[in-house]
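Asker: Residues 1 to 163 in UniProt numbering are what the sequence shown lists, from first letter to last.
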Amino acid sequence: MEGYPRLIQEDWAGLPTYLDAAFAYKDEIHFFKGSKYWKFTTNKIMKDGYPRYIRDGFPGIPDDIDGATPWGKHGYIYFFKGCYYWRYEPNCEHQVKKNYPKLISEVWEGVPDNIDDAILHTNGILHVLKGVRYYRFNDAKLKIEDGYPTLSAPMWFGCFPEP
């Protein structure tokens, strides 16, 4: 595509380089790096009062996360770091329950530790990225779909290997 790739700051003023994670939730886009997060409108305007500390906006969620994504019909947000994940329930008084973190391998069959990010596609399918590969998660079976992982470049960047 003409004009791409681009520096993230060209479209999202005020963001640092090399982000840890990002996700869209209820017409807002959240970006994470280190101990802070930024919240933007879908029109790419930073909301007032940002950046904020993760501990203030998402109590119970660690700094330096590997990935984050909304997932499932309940509107929960899942945060990943190392071999653990946290379920954040935005509409509950205690957003992170006491039994978290949990091991990724306990629920997310086939999802590797130390992911690079997780993306909930507009079609509702969850994709997990790690290195040069991505995994497609089957919600009904709670495991990675057959045939995955596969190379990320053809799907996400339109780059196909030479014959």
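Cβ atoms here follow ideal geometry from the backbone N, Cα and C, with glycine treated the same way.
Note that the coordinates shown come from a computational prediction; the quantities given were computed from them, not determined experimentally.
Kindly indicate which residue of His-127, Phe-40, Tyr-25 has the alpha-carbon position closest to the one of Gln-9.
Answerer: Selection His-127, Phe-40, Tyr-25 evaluated against Gln-9 yields Phe-40 as nearest (Cα-Cα).
Asker: If we count the other Cβ atoms within 10 Å of its Cβ and call it buried at 16 or more, is Arg-6 buried or exposed?
Answerer: exposed
Asker: Can you say whether Ile-125 is buried or exposed, counting buried as having 16 or more other CB atoms within 10 angstroms of its CB?
Answerer: exposed
Asker: To which residues of the same chain is Phe-79 closer than 7 Å at the C-beta, ignoring the five residues directly before and after it?
Answerer: Ile-61, Ile-65, Ala-68, Tyr-85, Trp-86, Tyr-88
Asker: From which residue to which residue does the beta strand (DSSP E) around Ile-54 run?
Answerer: Here Ile-54 belongs to no beta strand (DSSP E); instead the alpha helix (DSSP H) covers 54 to 57.
Asker: Would you give the residue range spanned by the alpha helix (DSSP H) that Glu-145 belongs to?
Answerer: Here Glu-145 belongs to no alpha helix (DSSP H), and DSSP marks it neither H nor E.
Asker: Output the distance between the C-alpha atoms of Asp-27 and Gly-131, rounded to the nearest integer angstrom.
Answerer: 29 Å
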